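K.L.:
If you read the protein sequences in the order shown, they are chains A and B. Per the numbering used here, the first sequence runs over residues 927 to 1390. Per the numbering used here, the second sequence runs over residues 927 to 1390.
Protein chains: 2
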Amino acid sequence: MPATETPSPTPELLHLLVGDPEELAAILSGMRAADVAEAINQLPDEAGARVLAGLPFDLAVEVLDQPELEHKGRIFEHIDKDAAAPLIEAMSADEQADLFREVPTSIRSRLMSALDAGTRHALEMLLRHAPETTGGIMTTEYVGVPSDWTVERTLRYIAEVGRVKETVYAIFIENPRDRRLEQVASLRDLMIAPRDRRVLDAVSRRVPLSVRPDTPREEAARIISKYNLLALPVLDERGHVLGIVTVDDVIDTMVQELTDDVQKFGGVEALDQPYMEIPFLSMVRKRAGWLCALFLGEMLTATAMGHFENEIAKAVVLALFVPLIISSGGNSGSQATSLVIRAMALHEVRLRDWWRVAARELPSGLTLGVILGFIGICRILLWQAIGWYDYGTHYPLVALTVGVALIGVVTFGSMAGSMLPFVLRRIGFDPASASAPFVATLVDVTGLVIYFSIAYVMLRGTLL
Amino acid sequence: MPATETPSPTPELLHLLVGDPEELAAILSGMRAADVAEAINQLPDEAGARVLAGLPFDLAVEVLDQPELEHKGRIFEHIDKDAAAPLIEAMSADEQADLFREVPTSIRSRLMSALDAGTRHALEMLLRHAPETTGGIMTTEYVGVPSDWTVERTLRYIAEVGRVKETVYAIFIENPRDRRLEQVASLRDLMIAPRDRRVLDAVSRRVPLSVRPDTPREEAARIISKYNLLALPVLDERGHVLGIVTVDDVIDTMVQELTDDVQKFGGVEALDQPYMEIPFLSMVRKRAGWLCALFLGEMLTATAMGHFENEIAKAVVLALFVPLIISSGGNSGSQATSLVIRAMALHEVRLRDWWRVAARELPSGLTLGVILGFIGICRILLWQAIGWYDYGTHYPLVALTVGVALIGVVTFGSMAGSMLPFVLRRIGFDPASASAPFVATLVDVTGLVIYFSIAYVMLRGTLL
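(1) Say whether the segment 1194 to 1212 of chain A touches the segment 1329 to 1345 of chain A, bearing in mind that this needs 3 or more beta-carbon pairs closer than 8 Å, one atom from each stretch.
(2) Sort A:Met-1017, A:Ser-1260 and A:Tyr-1315 by Cα distance to His-1233 of chain B and report the nearest one.
(3) Relative to the alpha-carbon of Arg-1046 of chain B, which residue among B:Gln-1022, B:Asp-1356, B:Leu-1220 and B:Gly-1255 has its alpha-carbon at the smallest distance?
(4) From which residue to which residue does the beta strand (DSSP E) around Pro-1159 of chain B run?
(5) Please check if any C-beta of chain A sits within less than 8 Å of the C-beta of Arg-1352 of chain B.
(6) Over the uninterrupted beta strand (DSSP E) stretch that includes Glu-1092 of chain B, give me the two end residues.
(7) For chain B, find out if any of its Cβ atoms is closer than 8 Å to the Cβ of Ile-1303 of chain A; answer yes or no.
(8) Hey, does Lys-998 of chain A have any beta-carbon neighbour from chain B nearer than 8 Å?
(9) Cutting at 8 Å between CB atoms, please list the residues of its own chain near Arg-1123 of chain B, excluding the five before and the five after it.
(10) Spatial neighbours of Thr-932 of chain A within its chain, please: CB distance less than 8 Å, with the 5 preceding and 5 following residues excluded, ordered by chain position.
(11) Can you round the beta-carbon distance between Val-987 of chain A and Met-1017 of chain A to whole angstroms, since I take them to be within the 8 Å contact cut?
(12) Under a three-way DSSP split, which group does Thr-930 of chain A fall into?
(13) Are the C-beta atoms of Ala-1366 of chain A and some chain B residue less than 8 Å apart?
(14) List, in chain order, every chain B residue whose beta-carbon is nearer than 7 Å to that of Asn-1257 of chain A.
(15) Taking 8 Å as the cut-off, decide whether the C-beta atoms of Leu-1385 of chain B and Thr-1327 of chain B are in contact.
(16) Assuming the contact rule is C-beta atoms closer than 8 Å, Gly-1061 of chain A and Pro-1139 of chain A should be a hit. Round their C-beta distance to whole Å, please.
(17) Can you tell me the Cα-Cα spacing of Lys-1240 of chain A and Thr-1179 of chain B, whole angstroms?
(18) Strictly under 8 Å for the Cβ-Cβ distance: is Gly-1299 of chain B near chain A by that measure?
(19) Out of B:Asp-1175, B:Ala-973, B:Gln-1310 and B:Arg-1114, which has the shortest C-alpha to C-alpha gap to Leu-1155 of chain A?
(20) Can you tell me whether Phe-1098 of chain A is helix, strand or coil according to DSSP?
(21) Tell me which residue opens and which closes the beta strand (DSSP E) that Ile-1170 of chain A is part of.
(22) I need the straight-line Cα distance from Ala-1147 of chain B to Glu-1108 of chain B, nearest angstrom please.
(23) At what residues does the beta strand (DSSP E) containing Pro-1072 of chain A begin and finish?
(24) Using a Cβ-Cβ cut-off of 8 Å, state whether Tyr-1153 of chain B counts as contacting chain A.
(25) Let me know the alpha helix (DSSP H) ranges lying completely inside the segment 1171 to 1226 of chain A, each 4 residues or longer, listed in chain order.
(26) Considering just the uninterrupted stretch of the beta strand (DSSP E) at Ala-1119 of chain B, what are its terminal residues?
(27) Pick helix, strand or coil for Leu-1013 of chain B, following the three-state DSSP scheme.
(28) Closer than 7 Å, Cβ to Cβ, to anything on chain A: give me those residues from the segment 1219 to 1239 of chain B, in chain order.
(29) Between Leu-1441 of chain A and chain B, is there a C-beta pair that is closer than 8 Å?
(30) So which residues on chain A does Ala-1325 of chain B lean against when the C-beta distance must stay under 9 Å?
(31) Out of A:Gly-1313, A:Val-1087 and A:Arg-1305, point me to the one whose CA is closest to Ala-1325 of chain A's CA.
(32) Between the Cα of Asp-1104 of chain A and those of A:Ile-1251, A:Asp-1074, A:Thr-1080 and A:Gly-1387, spot the shortest distance and give me the residue it belongs to.
(33) Show which residues of chain A have a CB atom less than 9 Å away from the CB atom of Gln-1022 of chain B.
(34) With Leu-1217 of chain A and Ser-1258 of chain B assumed to form a contact (beta carbons below 8 Å), what rounded beta-carbon distance in angstroms separates them?
(35) Among the residues of its own chain, which have a CB less than 6 Å from the CB of Ala-1157 of chain B, if the five just before and after it don't count?
(36) Taking all protein chains shown into account, do 16 or more other C-beta atoms lie within 10 angstroms of the C-beta of Arg-1278 of chain B, making it buried, or fewer, making it exposed?
Structure follows, in structure tokens:
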């Protein structure tokens, strides 16, 4: 497969070469920036710094511009100040900001003072925005032209400045007097337009899409992906362009979002650092919160079981099926929840559709419950017949109790699991916080009550 | 917030207007294609077809090119053949292919015969590829130029054909003799290059990245996102360009992948249709498979409990804490699994790092277990002190048993949950199939054994 013709260096090779970063740099200089970044991630910070120093300047800058390059901040601790300043100035503005968010405060002001005034000014503006907002991922290097320029003049300008801009494929047309954004042109619009036309007349007259610096970055990602944009302008309250967000940033944001969602569904507060790097105590804190909350909820199972202590004492055989029955409810519940969460995220299902979902989940849950109930009954009858276990003289009744309880619990699990995301959204929470463990806890308590109530009705006069 | 200046039409408005699709079309024609597609999704197929027919031709084509537009196939059943053919021919090739995958076979050949030979030929080639491969999402409308053209001539060619190509930002430079791909240029490369230079000399000499039509589409998405490409060529075995995949396609693929992952983690086979549209029986089938597998695994809990029937009969109080203890193990397990799955997907953790993960999870699990164990002991002592429940004369021993069991089960859950993705990957499965319910099932059985073994040791001579 011709996919990546420049294979990543093996760890063996890296270990061999780590003593000689110059030699490693020579090998890496034939590679793509993303691959070099991956290779450097596997080295200690100091060796990484020496490799970067040995690379051709343009490639080093490109490598530093990769969001995949880890702990840039610590690498810069090992780079000489005089070598660091030109590298940083050549980086794109959004990556500069990311770097300064990471460097230890001890060297931060030293590095900052080595930069030229323009870079420093832009950087200070970017650093004012929180990283989870659009302002925190935008870059200031966009192509902006006055609206009275011609297409020809704009294309010549792009040819001049194109090398240093984050993207040249979206051109931001500003009012020549007050510099407010008037229109956004794609380079394609300009390429196919007559060269002598005014740039403003070469594009559609629609008010351009834009966001504010405090817009959540997920919202910017949603707009870029829905309208297939290559870049989205970030405006201040007077309509001036502060910066732009590009489609590359959006992909990175989506990867982050995917991570958050999976972690949330697994019942962990989203980690904001790579798994192997997050300090031990931070990780325990992030996990303990949810785990304790679930534990407190699950304590209700002990209370519920306590109410049925007499029944259990009379018919210990009932206790044997407790884990089987409540876990089946939890499993069908987390299935239903994961389906509904995704359907909501994709806008396939809205808040007002709750009854349509309920109308699907009721028969689905019943059908699944009947299937599991049937298997459960067969299992008990089979074990009794073979003689692997003795469920007592009333074993057919025990089997029937388990079967009916499974139908009830699985149906309830599907209903509860599918309705929970609606409830969460209605009261203003993210439906994705309906994690699998949360649903399971909810269903466990109710499942016990359903099971023992059915047993109480079905076994009264025989076992109970 | 200036985000979307054209608000989506409210459902009320749509219902008001659905009797008059011409009027609706007039309103929609001022909107963006993605918003129109969303509006049409809320209409019955026939009304959607009439709205499309009422839109200006270019906008109708743009709307049909939105991957978000649902059941295009059924909409086309209501469009006159003579009106359909020009619409289809103007659509981009990848969306044509998607449309023909959806249209009922009854009208498929009728529509196909109305298309011109060139479109039909390209379409038949695209339809040969499975939708989950790169060939299934590629499009054939790319800008290809012979490598002996100058930059000037290439730019003039783009100005001519730019309107009808999927993207003009990646230019595919082909050998003039055998049409093999030699190089990929970005439009930026050409814009900043001298106009009289040969196009091949305006770009880097690296072998271009490419994929084959049978490459999984996730792999194409990974390459585009890692190397920040705008388009990736799909080559046949002789090195000819069959088509291209663009960054927009990648975003759609990532959304799909996100859905699959969440569904898998919830313990459902990935649905290939929207939740509200998948037929009842298909949904039950997709869910029943996993649910039955988990149920069979969970049956082992009944077997495990059976081994301790005597202990339960002697000390019914032990049964009360069974759900609490096993669910705590399951919860800590699904936390650990979700963390490790994501760390693997982001390449933060590799197969050989398993012992480093284990070395982190062991202390984490122990700490979390101690926290939950402490809460559990307090709960029992408190209930006893207040008089809400009577755990018998040996209640301090019962509390201690529950506490120690929690430490053991939570530690085991964290270890098992974190190691399972490694085991799955090692034996060749997708680590993401380590769903939360799967982990919970695994931990339930073991958790029971741990609990009753600890109880056996600690309570012998008193309760047992």
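By construction, the Cβ of each residue, glycine as well, lies at the ideal position given by its N, Cα and C atoms. Note that this is a predicted model, so its numbers are computed, not measured.
P.N.:
On the basis of the coordinates in this document:
(1) no
(2) In the second sequence, counting from the first residue as 1, residue 1233 of chain B sits at position 307. Among A:Met-1017, A:Ser-1260 and A:Tyr-1315, the Cα nearest to that of His-1233 of chain B is on A:Tyr-1315.
(3) Counting from 1 along the second sequence, the entry for residue 1046 of chain B is found at position 120. Closest by alpha carbon: B:Gln-1022.
(4) Indexing the second sequence from 1 puts residue 1159 of chain B at position 233. It spans 1157 to 1161 - the beta strand (DSSP E) in which Pro-1159 of chain B sits, taken as one unbroken run.
(5) The count along the second sequence starts at 1 and reaches residue 1352 of chain B at position 426. No, its Cβ sits nowhere closer than 8 Å to a Cβ of chain A.
(6) Locating residue 1092 of chain B in the second sequence gives position 166, counting from the first residue. Glu-1092 of chain B -> no beta strand (DSSP E), and no H or E assigned at all.
(7) As a working note, residue 1303 of chain A is residue 377 in the first sequence. No, Ile-1303 of chain A lies away from the interface with chain B (no Cβ there is under 8 Å from its Cβ).
(8) If you number the first sequence from 1, residue 998 of chain A lands on position 72. No, Lys-998 of chain A lies away from the interface with chain B (no Cβ there is under 8 Å from its Cβ).
(9) Looking up residue 1123 of chain B in the second sequence gives position 197. Cβ within range, chain order: Thr-1076 and Val-1077.
(10) Translated into the one-based positions of the first sequence, residue 932 of chain A becomes position 6. Because Thr-932 of chain A carries a pLDDT of 43, less than 50, the predicted location of this residue cannot be relied on, and no value is offered for it.
(11) Position 61 of the first sequence holds residue 987 of chain A. Position 91 of the first sequence holds residue 1017 of chain A. Rounded, the Cβ-Cβ distance is 6 Å, consistent with contact.
(12) In the first sequence, residue 930 of chain A corresponds to position 4, counting from 1. Note that Thr-930 of chain A scores a pLDDT of 41, beneath 50, so its modelled location is shaky; the value from the coordinates is reported in the next line. Coil, per DSSP.
(13) In the first sequence, counting from the first residue as 1, residue 1366 of chain A sits at position 440. So yes, Ala-1366 of chain A belongs to the interface.
(14) In the first sequence, counting from the first residue as 1, residue 1257 of chain A sits at position 331. Neighbours of Asn-1257 of chain A on chain B, chain order: Gly-1193, Leu-1217, Leu-1220 and Pro-1363.
(15) By 1-based counting over the second sequence, the position of residue 1385 of chain B is 459. By 1-based counting over the second sequence, the position of residue 1327 of chain B is 401. In contact: Leu-1385 of chain B and Thr-1327 of chain B (Cβ atoms closer than 8 Å).
(16) By one-based count along the first sequence, residue 1061 of chain A stands at place 135. By one-based count along the first sequence, residue 1139 of chain A stands at place 213. 3 Å between Cβ atoms; contact.
(17) As a first step, residue 1240 of chain A is located in the first sequence; it is residue number 314 there, counting from the start. As a first step, residue 1179 of chain B is located in the second sequence; it is residue number 253 there, counting from the start. Cα to Cα, Lys-1240 of chain A sits roughly 57 Å from Thr-1179 of chain B.
(18) Within the second sequence, residue 1299 of chain B is the residue found at index 373, counting from 1. No, no contact with chain A.
(19) Translated into the one-based positions of the first sequence, residue 1155 of chain A becomes position 229. If we check each option's Cα against that of Leu-1155 of chain A, B:Asp-1175 comes out closest.
(20) The residue you call residue 1098 of chain A lines up with position 172 of the first sequence. Residue state, collapsed to three classes: strand.
(21) As a first step, residue 1170 of chain A is located in the first sequence; it is residue number 244 there, counting from the start. Unbroken beta strand (DSSP E) run through Ile-1170 of chain A: 1167 to 1172.
(22) Against the second sequence, residue 1147 of chain B aligns to sequence position 221. Against the second sequence, residue 1108 of chain B aligns to sequence position 182. For Ala-1147 of chain B and Glu-1108 of chain B, the distance between alpha carbons rounds to 22 Å.
(23) In the first sequence, residue 1072 of chain A corresponds to position 146, counting from 1. Element bounds for Pro-1072 of chain A: 1069 to 1072.
(24) Locating residue 1153 of chain B in the second sequence gives position 227, counting from the first residue. For Tyr-1153 of chain B, the answer is yes, since a Cβ of chain A falls inside 8 Å of its Cβ.
(25) 1173 to 1191
(26) Counted from its first residue, the second sequence places residue 1119 of chain B at position 193. Premise fails: Ala-1119 of chain B is in no beta strand (DSSP E) and is neither H nor E.
(27) One-based indexing of the second sequence puts residue 1013 of chain B at position 87. Reduced to three states, the DSSP call for Leu-1013 of chain B is helix.
(28) Leu-1220, Phe-1221, Glu-1224, Met-1225, Thr-1227, Ala-1228, Met-1231, Gly-1232, Glu-1235, Ile-1238 and Ala-1239
(29) Residue 1441 of chain A is absent from the model: chain A starts at 927 and stops at 1390.
(30) The residue labelled residue 1325 of chain B in the question sits at position 399 within the second sequence. Within 9 Å Cβ-Cβ: nothing; Ala-1325 of chain B doesn't reach chain A, min ~12 Å.
(31) Here residue 1325 of chain A refers to the residue found at position 399 of the first sequence. Out of A:Gly-1313, A:Val-1087 and A:Arg-1305, A:Arg-1305 has the C-alpha closest to the C-alpha of Ala-1325 of chain A.
(32) Here residue 1104 of chain A refers to the residue found at position 178 of the first sequence. It is A:Asp-1074.
(33) As a working note, residue 1022 of chain B is residue 96 in the second sequence. The contacting residues do not exist; Gln-1022 of chain B stays about 17 Å from chain A at best.
(34) Locating residue 1217 of chain A in the first sequence gives position 291, where the first residue counts as 1. Locating residue 1258 of chain B in the second sequence gives position 332, where the first residue counts as 1. Indeed, because the Cβ distance is near 6 Å, the residues count as touching under 8 Å.
(35) Along the second sequence, one-based indexing puts residue 1157 of chain B at 231. Only Thr-1093, Ala-1096, Ile-1170 and Thr-1172 meet the Cβ criterion.
(36) Taking the first residue of the second sequence as position 1, residue 1278 of chain B is located at position 352. Flag for Arg-1278 of chain B reads exposed.
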